[in-house]
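Asks: For what it's worth, the working numbering labels the leading residue of the sequence shown as 16, then goes sequentially.
Have a look at this one before I ask anything.
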Amino acid sequence: MKILVIGAGPAGLNCAYWASKEGHQVELYEMRKKLAYKPCGEAIFSEGFDFVPIKPTESKWALNYIDRAVIYYNGEELFETDTKPYYGWIVNKTLFLEDLMQQAINEGAKVFLNQKLEKIEEEKYDLIVDAAGYISTFARRKGLDYSNYKLAPALRGYGKTNKIREDTLYIDFFGSGYVWIFPYGKGYVNYGVGGHSASKSFYFERMQRFLKKFEIEPLGKIEGAAFPANGPLRQLRIGKVVVAGDSAGMVMPSSGEGIRFALFAGKNCFKENYEEIFWTKYGERLIVGKKILSFWLKLSDKEIIKTVKTLKPLTLIEAFIEGKKPSIWEGLKLISEPSIIQKALTSVYI
Ligand SMILES: Cc1cc2nc3c(=O)[nH]c(=O)nc-3n(C[C@H](O)[C@H](O)[C@H](O)COP(=O)(O)OP(=O)(O)OC[C@H]3O[C@@H](n4cnc5c(N)ncnc54)[C@H](O)[C@@H]3O)c2cc1C
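Pasting the structure below:
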């Protein structure tokens with residue numbers, strides 16, 4: 016097939032690699048000169064590396080191996096935990112994507128940077144992959160249903176401190192979102208904030224408060240972006256156009272994580288049964304993640320603290336990161352809190 020890919024993010028580049036490797040002719044266009052222009056927390060769970068030809072242990076881009084987290088709520092430390100069996104890496108995303116791009120080029124993909132695709136000669140291609148991220152417009156213009164597509168705002172900056180450990184994620188929840196501080200190697204940090212129902216100034220203030228705790232000295236400017244927060248599009252194909260990654264809403268609504276799903280979609284989006292592959296592996300879990308988020312947003316501050324202190328850390332991690340419903344046995348630990356149980360039943364289980 017002759018395949019056109021719009022966008023050199025994780026989804027587009029991984030598609031370019033695998034489709035070229037399988038013998039397709041691939042052209043990829045990226046509107047920016049530099050890869051990874053869009054702000055990101057740059058954390059990738061280990062499963063994400065199952066879908067790419069490059070591995071963190073043999074790379075220049077893997078900055079820190081992570082298998083611990085300290086969880087706060089409104090600035091108060093709730094618990095510290097080992098996150099295993101879930102672990103991952105903080106990466107330099109620009110170097111990661113450059114490495115992936117080089118692999119795609121080695122397989123024969125033609126990659127054009129600094130070229131925004133506007134008018135597309137559709138008849139020249141058998142398949143068009145819209146991997147243009149959350150700013151994508153092409154598939155929408157072709158008539159794909161985006162009526163449930165919703166974005167949430169986020170901010171991201173870099174800084175320096177000697178107050179955090181290099182194997183640990185620091186997360187401060189505040190009801191409608193969270194602040195993160197991720198160790199970026201050698202005392203640097205990637206920090207940011209994202210959420211679902213407040214103003215940018217509220218998020219900014221929350222972030223500053225958490226940064227202060229760790230005496231973070233900001234470096235450079237804080238940048239804004241957004242992530243799809245309402246689960247994946249039901250339909251991923253219209254005519255000869257497919258969507259992959261953020262353009263398809265493939266982000267875990269509860270955590271804002273999207274790279275793993277974008278890489279998976281990129282690897283599979285040129286296959287005939289792409290939609291079935293995606294829905295079997297991740298689609299349903301992202302929908303559960305959306306329900307878990309809706310439960311979380313209904314809780315009062317007191318109920319959130321009660322829930323977090325009652326459930327096992329692993330249950331919370333699996334709910335937020337993997338879109339996994341807590342078992343009935345875990346849920347029963349909250350039996351003395353009928354209001355929480357009722358919100359869980361109506362949001363997640365029924
Ligand atoms: C602040 C923030 C922090 C995040 N942190 C994390 C994190 O720590 N871990 C995680 O897993 N996920 C994180 N995410 C989500 C993650 O960044 C995205 O899910 C992921 O990058 C999606 O990949 P993609 O390839 O679909 O899209 P993108 O990475 O957005 O790539 C799309 C590319 O298409 C290009 N493009 C757009 N239009 C055109 C056009 N017309 N012509 C040519 N090129 C075009 C863009 O320039 C861009 O390079 C975060 C998101 C935000 C906003």
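Yeah, the Cβ is synthetic: ideal placement off N, Cα and C, and Gly gets one too.
1. Taking contact to mean at least 3 C-beta pairs separated by less than 8 Å, is the stretch 214 to 231 in contact with the stretch 114 to 132?
2. What number of angstroms, rounded off, separates the C-alpha of Lys342 from the C-alpha of Lys327?
3. Would you kindly work out how many angstroms separate the C-alpha atoms of Val67 and Asn29, rounded to a whole number?
4. Keeping to the same chain, check which residues put their C-beta closer than 7 Å to that of Cys284; ignore five residues upstream and five downstream.
5. For Ser315, which of Gly210, Phe293, Phe189 has the nearest alpha-carbon?
6. Have a look at the DSSP bridge pairing and note the partners of Thr295.
7. What are the start and end residues of each continuous alpha helix (DSSP H) run of 4 or more residues lying completely inside the stretch 230 to 311, in chain order?
8. Kindly indicate which residue of Phe293, Lys108, Gln40 has the alpha-carbon position closest to the one of Gly24.
9. Pick out the complete alpha helix (DSSP H) segments inside the stretch 177 to 225, 4 residues or longer, and give them in chain order.
10. Should Phe353 be labelled buried (16 or more other beta-carbon atoms within 10 Å of its own) or exposed?
11. Can Val266 be considered in contact with ligand 1, in the sense that its beta carbon sits closer than 7 Å to one or more heavy atoms?
12. Short check: CB of Lys17 to CB of Tyr140, under 8 Å?
13. With a CB to CB cut of under 8 Å and the five nearest residues on each side skipped, what residues in its chain are close to Gly123?
14. Going along the chain, which unbroken runs of the beta strand (DSSP E) with 3 or more residues stay wholly within the stretch 125 to 181?
15. CB of Ala169 to nearest heavy atom of ligand 1: below 7 Å?
16. Around the C-beta of Pro100, are 16 or more other C-beta atoms found within 10 angstroms, so that it is buried, or is it exposed?
17. Is the stretch 201 to 209 touching the stretch 49 to 60 in the sense that three or more CB pairs, one from each, lie closer than 8 Å?
18. Going by Cα to Cα distance, which pick from Phe217, Phe219, Glu318 is closest to Ile383?
19. In whole angstroms, give me the CA-to-CA distance for Gly172 and Leu19.
20. If you reduce the DSSP assignment to three classes, tell me which class Lys70 lands in.
21. Let me know the secondary structure DSSP gives Thr98 once reduced to three states.
22. Could you check if Asp261 belongs to the surroundings of ligand 1, using beta carbon to heavy atom distance under 7 Å?
23. Here's the rule I'm using: 16 or more other beta-carbon atoms within 10 Å means buried, otherwise exposed. How should Lys70 be labelled?
24. Using a Cβ-Cβ cut-off of 8 Å (strictly less than) and excluding sequence neighbours within five positions of Gly158, which residues of its own chain qualify?
25. According to DSSP, is Trp76 helix, strand or coil?
26. Nearest-angstrom Cα distance between Gly27 and Trp76?
27. Check the C-beta distance from Lys305 over to Ile355 and give it rounded, since I have them as a contact under 8 Å.
28. Could you check if Lys324 is buried or exposed, using at least 16 other CB atoms within 10 Å of its CB as the buried criterion?
29. Leaving out the 5 sequence neighbours to the left and right, which residues in its chain are closer than 7 Å to Lys53 when beta-carbon positions are compared?
Replies: So, to answer that:
1. The stretch 214 to 231 makes no contact with the stretch 114 to 132: fewer than 3 CB pairs, one atom from each, lie closer than 8 Å.
2. First, the amino acid is wrong: residue 342 is Ser here, not Lys. The alpha-carbon atoms of Ser342 and Lys327 are separated by roughly 11 Å.
3. Computed Cα separation, rounded: 7 Å.
4. Annotation for Cys284: Cys30, Val144, Val257, Ala259 place their beta carbon closer than 7 Å to its own, counting only its chain and skipping 5 residues before and after.
5. Nearest C-alpha to Ser315: Phe189.
6. The partner list for Thr295 (beta bridge, DSSP) is empty, contrary to what the question assumes.
7. Listed in chain order, they are 274 to 283, 289 to 293.
8. Of the candidates Phe293, Lys108, Gln40, the residue whose Cα lies closest to the Cα of Gly24 is Lys108.
9. Taking only runs of at least 4 residues, no alpha helix (DSSP H) segment lies wholly in the stretch 177 to 225.
10. It is worth fixing the name first, because residue 353 is Pro in this sequence and not Phe. So Pro353 counts as exposed.
11. True, at least one ligand heavy atom lies under 7 Å from that Cβ.
12. Yes; because the gap between Cβ atoms is below 8 Å, this pair is in contact.
13. Same-chain partners within the cutoff: Ser35, Gln40, Val41.
14. Counting only runs of 3 or more, we get 125 to 127, 142 to 145, 166 to 175.
15. Under cutoff, so the answer is yes.
16. Residue environment analysis places Pro100 among the exposed positions, since fewer than 16 neighbouring C-beta atoms fall within 10 angstroms of its C-beta.
17. Touching, yes, given that three or more Cβ pairs across the two stretches are closer than 8 Å.
18. With the chain represented from 16 up to 365, any question about residue 383 goes unanswered, as that position is not in the structure.
19. Answer to the nearest angstrom: the Cα atoms are 33 Å apart.
20. In this structure, DSSP gives Lys70 a state outside helix and strand, which the three-state scheme calls coil.
21. Assignment of Thr98 by DSSP, reduced to helix, strand and coil, places it in the coil class.
22. True, at least one ligand heavy atom lies under 7 Å from that Cβ.
23. Exposed, since its Cβ has fewer than 16 Cβ neighbours within 10 Å.
24. The residues Ile253, in chain order, have a CB closer than 8 Å to that of Gly158 in the same chain once the five nearest residues on each side in sequence are set aside.
25. Here Trp76 sits in coil by DSSP.
26. When rounded, the separation of the alpha-carbon atoms in Gly27 and Trp76 is 19 Å.
27. For Lys305 against Ile355, the beta-carbon gap comes to about 19 Å, at or over 8 Å, which does not count as contact.
28. Lys324 should be labelled exposed.
29. The beta carbon of Lys53 is closer than 7 Å to those of Gly148, Ala240 in its chain, skipping five residues each way along the sequence.
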